[in-house]
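In the numbering used here, the protein residues as written are 1 to 164.
In this text, a Cβ means the ideal position worked out from N, Cα and C, and glycines have one as well.
Reviewing the structure listed below.
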């Protein structure tokens with residue numbers, strides 16, 4: 001039988017456990033936080049970037065839109081009567097299935113990985129916007145690359161250095 005005092009004791013223990021965890025991570029933080037834009041994670045080539053479009057190669061086959069697992073690609077009607085893909089980067093998971101599926105290589109990958117947006121509307125790229133890579137503004141003069149090392153799912157060591 002649960003006594004009212006027993007429930008209060010369990011609640012106090014739970015609160016103290018949470019405070020203890022907070023103090024532990026205050027003293028010895030185990031986080032993956034980077035101080036953007038002063039620090040950027042070094043993905044070591046393991047992340048894909050912005051997707052470009054060569055409309056002169058596109059045949060409007062819509063395979064890219066059909067293969068997209070998140071429905072991030074929408075076909076836009078252009079003045080020449082053809083449809084070209086546009087990408088909603090709010091939905092895109094950068095899997096690049098669209099690039100792999102394109103039979104004419106009209107979609108291509110780029111090295112631009114720093115896609116930060118102020119508004120949701122800015123995440124929607126029309127075919128006109130995809131023809132040229134986005135202009136990534138230089139926010140600060142000195143940027144430090146940050147590398148995280150892991151062991152059994154936790155951060156073991158954080159190295160900073162290698163100024164770009």
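- Three or more Cβ pairs closer than 8 Å define a contact, and the region 90 to 99 meets that threshold against the region 56 to 74.
- In this structure, residue 49 keeps its C-beta atom at 8 Å or more from the C-beta atom of residue 108.
- Residue burial annotation: residue 25 is exposed, with fewer than 16 other C-beta atoms found within 10 angstroms of its C-beta.
- For residue 55, the three-state secondary structure derived from DSSP is coil.
- Between residue 58 and residue 104, the C-beta gap is smaller than 8 Å, which places the two residues in contact.
- Residue pairing of residue 86 in beta bridges, as defined by DSSP: 74.
- Beta bridge pairing from DSSP links residue 118 with no other residue.
- Assignment of residue 154 by DSSP, reduced to helix, strand and coil, places it in the strand class.
- Of the candidates 137, 142, 74, 121, 137 places its Cα closest to the Cα of residue 114.
- By the Cβ neighbour-count rule, residue 11 is exposed, with fewer than 16 other Cβ atoms within 10 Å of its own.
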